[in-house]
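Residue numbers (the working numbering): 6 to 275.
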């Protein structure tokens, strides 16, 4: 028999040789054994409390867009209604401080062209070019618009151009519901004072003025009627020049709308 000293020497030898477990006299087929069941992590067994009715109500209401400030909207309507001329309206817009868009805008975008023209063009919310110049339809989109007008025998002196918003939203983002509601009375009063025979709504200006959620693809090419006070005017939505620069294939569709405008203008002439 081995003495205790001999047994210790043998065990030390086994450990140095990498043997770290003992086996019995009967061989064991480890492949036939079932794998051990792994217990679930502790954090997965913790049950979280169900949301309360109050929490659910808050999450639903947070998904709804906030309502426009009625006091600001009514103030804008009052200021716009008090303007008897386009010059007075321009001055009122430049002095108006009820819209947060004005704080970060470089310039107020009001209008350019012939205010007595029977054809009024309304630009979509101002981009960086319009914000820099203070004029609607500036930059490359303005250059393309000039070519579009020339194609049907018009120049920029034959039309009156304005913007759907007086100020550019920061970073070119979409205007909020409140920003639209506050600015809407000014563009409506602008149309009423200019009293054009025909209004062309470019891009987002169509859904903004009509209150329709449909995109320009569905609205374009279809005549609409705008009514403000005693003023009733026909309006035609169409693609914005900036959109046509990015999607040249749509120019053939825009050409059809231009021909529609040309026919309407010729029919209205004495």
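For each residue, glycine too, the CB sits at the ideal point set by N, CA and C.
Going by DSSP, residue 167 is part of the beta strand (DSSP E) stretching over 165-168.
With respect to residue 247, residue 143 sits apart: the two C-beta atoms are not nearer than 8 Å. In the assembly as shown, residue 83 is an exposed residue. Its beta-carbon has fewer than 16 other beta-carbons within 10 Å. Counting C-beta pairs with one atom in each stretch, the region 154-168 and the region 108-125 have three or more that are closer than 8 Å, which means they touch.
Less than 8 Å separates the beta-carbon of residue 114 from that of residue 171.
In the three-state reduction of the DSSP assignment, residue 140 falls in the coil class. Taking the Cα of residue 177 as reference, the smallest distance to any Cα among 129, 205, 236, 123 is reached at 129. Closest by C-alpha distance to residue 156, out of 267, 275, 274, is 267.
In this structure, residue 202 sits near residue 123, with a CB-CB distance shorter than 8 Å. Around the beta carbon of residue 208, 16 or more other beta carbons sit within 10 angstroms, so the residue counts as buried. Annotation: the region 191-231 contains the following complete segments of the beta strand (DSSP E) (minimum length 3 residues), in chain order: 203-207. Taking residue 154 as the centre and dropping the five residues before and after it, the same chain places the C-beta of 160, 161, 163, 164 closer than 8 Å to its C-beta, in chain order. Counting C-beta atoms within 10 angstroms of its own C-beta, residue 237 has fewer than 16 neighbours from the protein chains shown and is therefore classed as exposed. Judged by DSSP secondary structure, residue 238 falls outside any alpha helix (DSSP H) and instead within the beta strand (DSSP E) spanning 236-243. Listed in chain order, the non-local C-beta contacts of residue 186 below 6 Å within the same chain comprise 73, 78, local neighbours out to five positions each way being set aside.
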